[in-house]
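Data block below; observations after.
Protein chains: 2
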Amino acid sequence: MVKGDGSDSSVSWQSIRDTMMTRIRAQDYAPGELIPNEVDLAAEFGCARATVNRALRDLATSGFLDRRRKAGTRVREAPRRKATLSIPLTRAEVESSGARYDYRLLERAIETPPPLVRETLKLSGTERLLHVKSLHLADDVPHMFEDRWIVLETVPAIETVDLAKTSPNVWLVRHLPYTHGTMEFLAETAGARSRHLICADDDPVLTMLRVTWLDASPITFARQSFSPSHRMRLEL
Amino acid sequence: MVKGDGSDSSVSWQSIRDTMMTRIRAQDYAPGELIPNEVDLAAEFGCARATVNRALRDLATSGFLDRRRKAGTRVREAPRRKATLSIPLTRAEVESSGARYDYRLLERAIETPPPLVRETLKLSGTERLLHVKSLHLADDVPHMFEDRWIVLETVPAIETVDLAKTSPNVWLVRHLPYTHGTMEFLAETAGARSRHLICADDDPVLTMLRVTWLDASPITFARQSFSPSHRMRLEL
DNA sequence: GAAAATAATATGTCTGCACATAATAAGCGT
DNA sequence: ACGCTTATTATGTGCAGACATATTATTTTC
C-alpha cells in the first residue's frame, strides 16, 4: 500500500492540525476569513478528505475555527478556550497537595427550599430537599465549608446514604453524573462561616456556587467556601 | 445501498454515544470495569467499527471513559469534567449583560520584573517587561482593575501599540494566541485597588490570576480584580 | 525460574467511496 | 423587484478494509 511504511507517504491528522494551527497563528489565514475547503486541503496535503476533516474538526472543537455546512470554515476572531478544571473533587485536590484529607458531616436535614434555592433550581417550593452542611479538612485544618441542597425527587437514593462516611459530592459523582451545570466564583466575607473555617469574621473567602442538572431535573445546589488564602487553580 | 435511506438501516455515532452513556449512568457497566471491545459493540449495534470508535472516543474526551490500546476501554471511576469558560474577554462579558463597555489605560511603563513576576514567568530578571495598569468599566461603573506584565522578548510588537485604544488582552488575543496557561481564583481585600474600583478598602474582591505561554516562552501575567459582588460564571 | 523473544489483541488512524444535510446561490414566474 | 422553487456546494457522517502501535500474554531460551 501507499501508506504502509508510516514515515512519509501517509499524513497524520495531527500534523495537518499543527500545520493549520501554525498558519492561523501566523495569520496566513486572516481572522474571520474563509480557509480553503476540505477537498482542496486534502489535495494540498496529499491525503484523504476524511483526514483533513478530522484535523479541522479538532481545531473547531478547540475553538480556533468555525465550521458551517456550505458556508465553509473560517478562523474565529477571538478564539474561545476551554479550561480543563479537574472537577474540584475536594478530596483529590487536597491529597494532591500532599495533605491528609478529612471530612465531617455537620448537619443533615430534610427541608423545603428557601427562596434562593427554589429560584436557582427552578422548583415550585413544595419539594423535599436534603440539606447538608459539611466541613472538609486538609491535615486537620479547615479547608472548605459546604452548604448543599439536594433534590430528593431527582435523587431519591441519597436519602438512605450514610453521609457521615461518604460526602454528598463523592456519592453524587459516583452514582449520578450530571448532564450540565453552572459554576460561579465570588468573593465574600467569611461571616458566620468563620467559626468553621477558623478565621476572622471579615476575612475574604473564595466561594464557589455549583448547580447541576440531569437534563431538565435539578440535582443539587452547592455553596462551597474555601478557607482564606486558598486559590482555585485551573489549567488552560 | 444499505444505509442510503438514512432513517433506520444506519446507526449514528451520536445514538451509540447516547446509548453507552445511558448504560454508564445505569451502571450496566461497573465503574472501573472493562466494556466490550469495538468489534463486539459494532456487531451489537450493527454498524462499522469506525462508528463505534467515534462514539467511544467522544465519551473518552468527555471524561467518562478511559481507553488504552490493547488494554481496552473502561469506565472512569470519577468522571473528569471540562468547563467551557467563555474566555473572560471582559468586553464581551460586559456587553452580554447589556451594559456599555469602556476601557481606560491608567499606567504604562517598561520595567524589569519584580520577584513575584520573575518567578511566575520563570524569568532571569534582566528582561524588559511592559507593565500596564488599566480599568474596565460597565456603564461607567468600575468593573475590573487589571495589573498586567507582558514579556517584550516574546511579544516585541506590542511595544508600539497604542494601548489607550486597544486593551492589552484584546490585542494579545487577536495577535498572539497562547499555547497553554493557568488561571487562579482567589478572594482578597480590595486594599489600594479600592480607589479604582470605588469601594471600601476592606471589601472582598474576586481576583483572577492568569499566566499564558507560547510553548516555552512566557507571554503575560495578569492580575484582574473585579468589583465587589461580581461573579465569574462558567458553564459545565 | 528469570529474562528475552514472539505472538496476540484492542485501539488508533488512513483510504476511497457514497450519501446526508444545511445553507447559499441561481433561476424563474409573477 | 419580489418571493418561490431548484441547483449547487461544503461539511457531516457511514462503511469496509488495511495497516500502525501500544500493551499484554505467551513461549522460548539460558
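Protein sequences, first through last, are from chains X and E. Reminder that position 4 of the first sequence reads as 4 in my numbering, one-by-one numbering, no gaps. Reminder that position 225 of the second sequence reads as 225 in my numbering, one-by-one numbering, no gaps. No residue lacks a Cβ here, since even glycine has one placed at the ideal position from N, Cα and C.
(Q) Within a Cβ cutoff of 6 angstroms, which residues of the same chain sit near residue 223 of chain X, ignoring the five residues on either side of it in sequence? (A) Here residue 223 of chain X corresponds to residue number 223 of the first sequence, with the count starting at 1. Once the five neighbours on either side are set aside, the close Cβ partners of residue 223 of chain X are 147, 209.
(Q) Quick check on residue 42 of chain X: buried or exposed, where buried means 16 or more other Cβ atoms within 10 Å of its Cβ? (A) For the purposes of this step, residue 42 of chain X is taken as residue 42 along the first sequence, with counting starting at 1. The residue is buried, with at least 16 neighbouring Cβ atoms inside 10 Å.
(Q) Taking 8 angstroms as the cut-off, does the segment 49 to 67 of chain X touch the segment 107 to 120 of chain X (at least 3 CB pairs, one atom from each stretch)? (A) A contact is defined here as three or more CB-CB pairs under 8 angstroms, and the segment 107 to 120 of chain X fails this definition with respect to the segment 49 to 67 of chain X.
(Q) Is it the case that the segment 33 to 41 of chain X contacts the segment 52 to 64 of chain X, given that we only count it when at least three CB pairs across the two stretches are under 8 angstroms? (A) yes
Q. Which term fits residue 150 of chain E, buried or exposed, when burial requires 16 or more other beta carbons within 10 angstroms of its beta carbon?
A. The residue labelled residue 150 of chain E in the question sits at position 150 within the second sequence. Label assigned to residue 150 of chain E: buried.
**Q.** Counted within 10 angstroms of its Cβ, other Cβ atoms place residue 195 of chain E as buried (16 or more) or exposed
**A.** Locating residue 195 of chain E in the second sequence gives position 195, counting from the first residue. Per the 10 Å Cβ criterion, exposed.
Q: Would you tell me roughly how many angstroms separate the C-alpha atoms of residue 197 of chain X and residue 202 of chain E, rounded to the nearest one?
A: Here residue 197 of chain X is taken as the residue at index 197 of the first sequence, counted from 1. Here residue 202 of chain E is taken as the residue at index 202 of the second sequence, counted from 1. Their Cα atoms are separated by approximately 19 angstroms.
Q.
For residue 180 of chain X, count the other beta carbons within 10 Å of its own beta carbon; 16 or more makes it buried, fewer makes it exposed. Which is it?
A. Reading the first sequence from its first residue, position 180 is the one you call residue 180 of chain X. Exposed, by the Cβ-count rule.
Q. Does the segment 219 to 234 of chain X come close enough to the segment 168 to 186 of chain E to have 3 or more Cβ pairs within less than 8 angstroms?
A. yes
Q: Give the range of the beta strand (DSSP E) segment to which residue 25 of chain E is assigned.
A: Position 25 of the second sequence, counted from the start, is the residue given in the question as residue 25 of chain E. No beta strand (DSSP E) contains residue 25 of chain E, which is instead part of the alpha helix (DSSP H) from 13 to 25.
Q) Measuring CA to CA, which of E:15, E:49, E:74 is closest to residue 28 of chain E? A) Walking along the second sequence from the start, residue 28 of chain E turns up at place 28. When each option's Cα is compared against that of residue 28 of chain E, the closest is E:74.
(Q) Closest to residue 169 of chain E by C-alpha separation, out of E:213, E:182, E:220, E:154, would be which residue? (A) Against the second sequence, residue 169 of chain E aligns to sequence position 169. Restricting attention to E:213, E:182, E:220, E:154, the CA atom closest to the CA of residue 169 of chain E is found in E:220.
Q. Taking all protein chains shown into account, do 16 or more other C-beta atoms lie within 10 angstroms of the C-beta of residue 157 of chain E, making it buried, or fewer, making it exposed?
A. Along the second sequence, read from residue 1 onward, the residue named residue 157 of chain E stands at position 157. It counts as exposed.
Q) Should residue 276 of chain X and residue 218 of chain X be called a contact, given that it needs their Cβ atoms to be closer than 8 angstroms? A) Nothing can be reported for residue 276 of chain X: it is not among the residues displayed for chain X, which extend from 1 to 236.
(Q) Tell me which residues of the segment 28 to 50 of chain E have at least one Cβ-Cβ distance to chain X shorter than 8 angstroms, keeping chain order. (A) Of all residues in the segment 28 to 50 of chain E, the ones placed with a Cβ closer than 8 angstroms to any Cβ belonging to chain X are 31, in chain order.
Q. Can you find a C-beta in chain E that's less than 8 angstroms from the C-beta of residue 191 of chain X?
A. The residue labelled residue 191 of chain X in the question sits at position 191 within the first sequence. With 8 angstroms as the cut-off, residue 191 of chain X does not count as an interface residue toward chain E.
Q: Please state whether DSSP places residue 39 of chain X in a helix, a strand or coil.
A: Here the question's residue 39 of chain X lines up with position 39 in the first sequence. If DSSP states are grouped into helix, strand and coil, residue 39 of chain X belongs with the helices.
Q: Starting from the Cα of residue 77 of chain X, find the closest Cα among X:235, X:25, X:117 and give me that residue.
A: Locating residue 77 of chain X in the first sequence gives position 77, counting from the first residue. Taking the Cα of residue 77 of chain X as reference, the smallest distance to any Cα among X:235, X:25, X:117 is reached at X:25.
**Q.** Counted within 10 angstroms of its Cβ, other Cβ atoms place residue 18 of chain E as buried (16 or more) or exposed
**A.** For the purposes of this step, residue 18 of chain E is taken as residue 18 along the second sequence, with counting starting at 1. With fewer than 16 other Cβ atoms from the protein chains shown falling within 10 Å of its own Cβ, residue 18 of chain E counts as exposed.
Q) In terms of residue numbering, what span does the alpha helix (DSSP H) encompassing residue 91 of chain X cover? A) Indexing the first sequence from 1 puts residue 91 of chain X at position 91. Where residue 91 of chain X is concerned, the enclosing alpha helix (DSSP H) stretches over 90 to 96.
Q: Would you give the residue range spanned by the alpha helix (DSSP H) that residue 137 of chain X belongs to?
A: Taking the first sequence and counting its residues from 1, the one referred to as residue 137 of chain X is at position 137. Taken as a continuous stretch (DSSP letters only), residue 137 of chain X belongs to no alpha helix (DSSP H), being part of the beta strand (DSSP E) at 129 to 138.
Q: Using a cut-off of 8 angstroms between C-beta atoms, extract the partners of residue 23 of chain E located in chain X.
A: Here residue 23 of chain E corresponds to residue number 23 of the second sequence, with the count starting at 1. Going along chain X, no residue has its Cβ under 8 angstroms from residue 23 of chain E, so there is no contact; the nearest lies around 12 angstroms.
Q. For a contact meaning CB atoms closer than 8 angstroms, what does residue 165 of chain E contact in chain X?
A. As a first step, residue 165 of chain E is located in the second sequence; it is residue number 165 there, counting from the start. Here the premise fails: no neighbours, minimum Cβ distance about 17 angstroms.
Q. DSSP on residue 160 of chain E, reduced to helix/strand/coil?
A. Translated into the one-based positions of the second sequence, residue 160 of chain E becomes position 160. In this structure, residue 160 of chain E counts as helix in the three-state DSSP scheme.
Q) Are the C-beta atoms of residue 205 of chain E and some chain X residue less than 8 angstroms apart? A) Taking the first residue of the second sequence as 1, we reach residue 205 of chain E at position 205. So, interface residue.
(Q) Tell me which residues share the same chain as residue 33 of chain E and place their Cβ nearer than 8 angstroms to its Cβ, disregarding the 5 neighbours each side in the sequence. (A) The residue given as residue 33 of chain E occupies position 33 in the second sequence. Here the set comprises 74, 75.
Q.
In this structure, how does DSSP classify residue 126 of chain X when only helix, strand and coil are distinguished?
A. The residue labelled residue 126 of chain X in the question sits at position 126 within the first sequence. Residue 126 of chain X: coil per DSSP, three-state reduction.
**Q.** chain E contact for residue 122 of chain X (CB, 8 angstroms cutoff)
**A.** On the first sequence, residue 122 of chain X is found 122 positions in, with the first residue counted as 1. It does not: the Cβ of residue 122 of chain X has no partner Cβ on chain E nearer than 8 angstroms.
Q) Could you give the uninterrupted runs of the alpha helix (DSSP H) lying entirely in the segment 158 to 214 of chain E, keeping only those of 4 residues or more? A) 168 to 175, 194 to 197
Q.
Which residues of the segment 139 to 162 of chain E have a Cβ closer than 7 angstroms to any Cβ of chain X? Give them in chain order.
A. none
Q: With 8 angstroms as the threshold, decide whether the Cβ of residue 200 of chain E is near any Cβ in chain X.
A: Counting from 1 along the second sequence, the entry for residue 200 of chain E is found at position 200. No, no contact with chain X.
Q. Does the beta carbon of residue 195 of chain E come closer than 8 angstroms to any beta carbon on chain X?
A. As a working note, residue 195 of chain E is residue 195 in the second sequence. False, the Cβ-Cβ gap to chain X never drops below 8 angstroms.
Q: Label residue 141 of chain E either buried or exposed according to how many other C-beta atoms from any shown protein chain fall within 10 Å of its C-beta, with 16 as the threshold for buried.
A: Taking the second sequence and counting its residues from 1, the one referred to as residue 141 of chain E is at position 141. By the neighbour-count rule (16 or more Cβ atoms within 10 Å), residue 141 of chain E is not buried but exposed.
Q | Cross-strand partners of residue 226 of chain E (DSSP beta bridge) | A | What you label residue 226 of chain E is simply residue 226 of the second sequence in a count that begins at 1. Looking at the DSSP output, residue 226 of chain E bridges to E:144.
Q. Quick one: which chain X residues come within Cβ less than 9 angstroms of residue 235 of chain E?
A. Mapped onto the second sequence, residue 235 of chain E falls at position 235. Under the 9 angstroms cutoff, chain X gives 180, 181, 182, 183.
Q.
Is residue 132 of chain E close to chain X? Criterion is C-beta to C-beta, closer than 8 angstroms.
A. The residue given as residue 132 of chain E occupies position 132 in the second sequence. By this cut-off, residue 132 of chain E is not an interface position.
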